[in-house]
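In the numbering used here, the protein residues as written are 23 to 267.
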């Protein structure tokens, strides 16, 4: 999927000359945590978020530091901070470096930007002009819609076993040669040896996501590769979400 497939088109935005008070009111009224900032020609110039409005002299939350720290910071940074904590317009507090993508960007790129920069939204532009916004909520809606449209595949015990082995063989962490899989009436029975206890949960997830699986019965035994200590299997049966075990 691409950004254009999930984005909110024509998002609400504000001008750099908008007052900070008006921006805060709009964010509260519309329940937005951030607003794109565009110039008179519709070109994206920045974004203002709740975080940009946290440090303000009006609320007494502006940064307060010792003189020697301010000296080390330098006059330029102090001047920028002064404008951000006392400015009256959005242009004084907004973040000009905005993470943006085009409409053809893959969702993989969008998620990468969100994770790398610890942000909740990525703006979508066309020829420099804002055309949409992709938020984490948009991605969740996309996930839900894809899950709802997923059609069940083959559900025979043989096909389930083949699909599980194929999935595990494609994963570099999976101890395929140490585990056994038996499927009866849609129930996946796991047995064998694990050298890392964390593999247990991942193998269970791989099994539960296969269409037709009714439950997973875990009899895997964990062996500590350092001490050689064997931890007997704690038999556990789980069912995929939405199914009874």
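All C-beta atoms in this analysis are idealised placements derived from N, C-alpha and C, irrespective of residue type, glycine included.
With a threshold of 16 other beta carbon atoms within 10 Å, residue 85 falls short and is exposed. With contact defined as three or more Cβ pairs closer than 8 angstroms, the segment 125-138 and the segment 150-165 are in contact. Contact annotation: residue 177 and residue 233 have beta-carbon atoms nearer than 8 angstroms. Where residue 143 is concerned, the enclosing beta strand (DSSP E) starts and stops at 143-148. DSSP places residue 39 outside both helix and strand once states are collapsed to three, so it counts as coil. Pairing residue 239 with residue 247, the inter-Cα distance amounts to about 24 angstroms.
In chain order, 38, 59, 60, 61 and 118 place their CB closer than 7 angstroms to the CB of residue 67, counting only its own chain and leaving out the 5 sequence neighbours on each side.
Of 198, 70, 110 and 88, the smallest CA-CA separation from residue 79 is found for 110. Residue pairing from DSSP places residue 68 in a beta bridge opposite 59.
Just so you know, the alpha carbons of residue 115 and residue 125 end up roughly 28 angstroms apart. Contact check for residue 52 against residue 70 fails: the beta carbons are separated by 8 angstroms or more. Proximity to residue 252 across 219, 237 and 202 peaks at 219, based on C-alpha coordinates. Under the DSSP assignment, residue 90 falls in the alpha helix (DSSP H) whose first and last residues are 89-95. Per DSSP, residue 155 is one residue of the beta strand (DSSP E) stretching across 151-157. Cβ-Cβ distances below 8 angstroms link residue 187 to 198 and 203 in the same chain, with the five nearest sequence neighbours on each side left out; the list follows chain order.
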